[in-house]
Amino acid sequence: MEEGWRRDGGGMEEGWRTSCSVWPNLDLDVWDLQSELNAVDHRTEPGGAGRLVVRRGRPFSLKLQSGGFLPDGGVACTAETGPEPSERYGTRASFGLSAAVDASRWSAAATAAPGEPLTLTVCAAPDAPIGRYTLSLGGAGRVHFILLFNPWCTGDAVFMEDQSGLEEYVTAQDGIVYRGSYKHPVSTPWNYGQFEDGILDVCLRILDMNPKHLRNPGKDCSGRRSPVYVSRVLSAMASPGMLCVNCNGDRGVLLGCWTGDYEGGASPLSWGGSAEILRRWAAAACQPVRYGQCWVFAAVACSVSRALGIPCRVVTNYLSAHDNNGDLVIERHVNEKGEALQATEMIW
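Residue numbers (UniProt numbering): 1 to 348.
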């Protein structure tokens, strides 16, 4: 067998390794996911080795042994994501083969020279929900892949006109997070680690542990077409009951602690990167990692965002106003002697 061709089922289910009545001359026992080439082309190389990780709005290619047979446009392809794929929610898309792929929608095209493997080129719509996908070919076989946001695609909501910023906001794995005070800022090196082994899987797991997903998987997976929706799921400022990286409730990634007593966990000052935190969360059956504070929450959220393809950076705000009642006023109360009473609102 030529290097790159696979028979072990990696990337396809067992049912794929059978004969196909729709494509009778295809040897579906032999395929090449073109993982390395697709990873480089889609800028997913660090996290995509050995499997198919691609970005929406950009074509990717697969190769199949075809015996010179070229399928026609009547062959149906179906892409599905989530536990309850539905055309209503946009988590299921059906499309046939065309002369060329159309980057504005789900599309596919097939080409083959005599004696050469068949090349199947597929493109996901630039507004397709991100996540784990199953691509069914002609109703017979399945290819599994992961779809991410694409800040290099003009049709994607996360597109950045200043492409020079993407090296920092998406691909950079190391950076500086600022702590301290506005008069005495402290720079802290941080390893975001968004392309380290297993981190992308943890990030997708975070989305799946979102209470909205647990209540209505179809609707939640549909919402993953929007970077705003995904960011809100990840955000430390999400409404009560929603999974977030800064969440003292069940299954949040980090547990906050400001008392100085870090028994049973690690001091927020001890963390130097996100990967260890994310791996600990996954290894502990999605229970919060102890402990984090504001800069740790922000750095982990940044790592997850970058891993999913959302451009992101950590911004430190000094003299932050904490307003508890939404009147945009920081209230300080004193007694009849002018002594300050315990405050629930502050600037810090």
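Each residue gets a CB set at the ideal place from its N, CA and C atoms; glycine is no exception.
Remember, predicted model here, so these are calculated numbers, not experimental data.
With a 10 Å radius around its C-beta and 16 neighbouring C-beta atoms as the bar for buried, classify residue i as buried or exposed.
| i | result |
| --- | --- |
| Thr259 | exposed |
| Lys183 | exposed |
| Thr344 | exposed |
| Lys337 | exposed |
| His333 | exposed |
| Pro268 | buried |
| Ala110 | buried |
| Leu308 | buried |
| Glu331 | exposed |
| Ile347 | exposed |
| Gln342 | exposed |
| Thr154 | exposed |
| Leu147 | buried |
| Asn335 | exposed |
| Ser305 | buried |
| Arg88 | exposed |
| Asn38 | buried |
| Leu319 | exposed |
| Gln163 | exposed |
| Arg43 | buried |
| Ala282 | buried |
List the residues that DSSP assigns as beta-bridge partners of residue i.
| i | result |
| --- | --- |
| Cys123 | Ser107 |
| Lys219 | Note: Lys219 sits in no beta bridge, so no partner. |
| Phe145 | Tyr133 |
| His213 | Its beta-bridge partners do not exist; DSSP assigns none. |
| Leu118 | Leu64 |
| Met346 | His322 |
Does at least one heavy atom of the ligand MN sit under 7 Å from the Cβ of residue i?
| i | result |
| --- | --- |
| Ala93 | In the structure on display, the ligand MN does not appear, and there are no ligands present to speak of. |
What did DSSP end up calling residue i once you bin it into helix, strand or coil?
| i | result |
| --- | --- |
| Asn191 | strand |
| Gln65 | strand |
| Tyr229 | helix |
| Pro185 | strand |
| Leu278 | helix |
| Tyr178 | strand |
| Ala112 | coil |
| Ser94 | strand |
| Gly273 | strand |
| Leu341 | coil |
| Asp32 | strand |
| Val253 | coil |
| Arg290 | strand |
| Leu319 | coil |
What distance in whole Å lies between the Cβ atoms of residue j and residue i, which are believed to be in contact at a cut-off of 8 Å?
| i | j | result |
| --- | --- | --- |
| Ile176 | Trp190 | 7 Å |
| Pro227 | Ile310 | 5 Å |
| Tyr169 | Arg280 | The Cβ separation is near 26 Å, so there is no contact. |
| Gly57 | Ala103 | 6 Å |
| Trp106 | Ala76 | With 8 Å as the limit, Trp106 and Ala76 do not qualify as a contact, their Cβ atoms being about 12 Å apart. |
| Pro129 | Arg224 | 4 Å |
| Lys63 | Asp32 | 4 Å |
I need the boundaries of the beta strand (DSSP E) containing residue i, first residue and last residue.
| i | result |
| --- | --- |
| Val304 | From DSSP, Val304 is part of no beta strand (DSSP E) but of the alpha helix (DSSP H) over 294-308. |
| Glu80 | 76-81 |
| Ala39 | From DSSP, Ala39 is part of no beta strand (DSSP E) but of the alpha helix (DSSP H) over 35-41. |
| Val329 | No beta strand (DSSP E) holds Val329; DSSP gives it neither H nor E. |
| Val53 | 53-55 |
Tell me which residue opens and which closes the alpha helix (DSSP H) that residue i is part of.
| i | result |
| --- | --- |
| Val202 | 199-208 |
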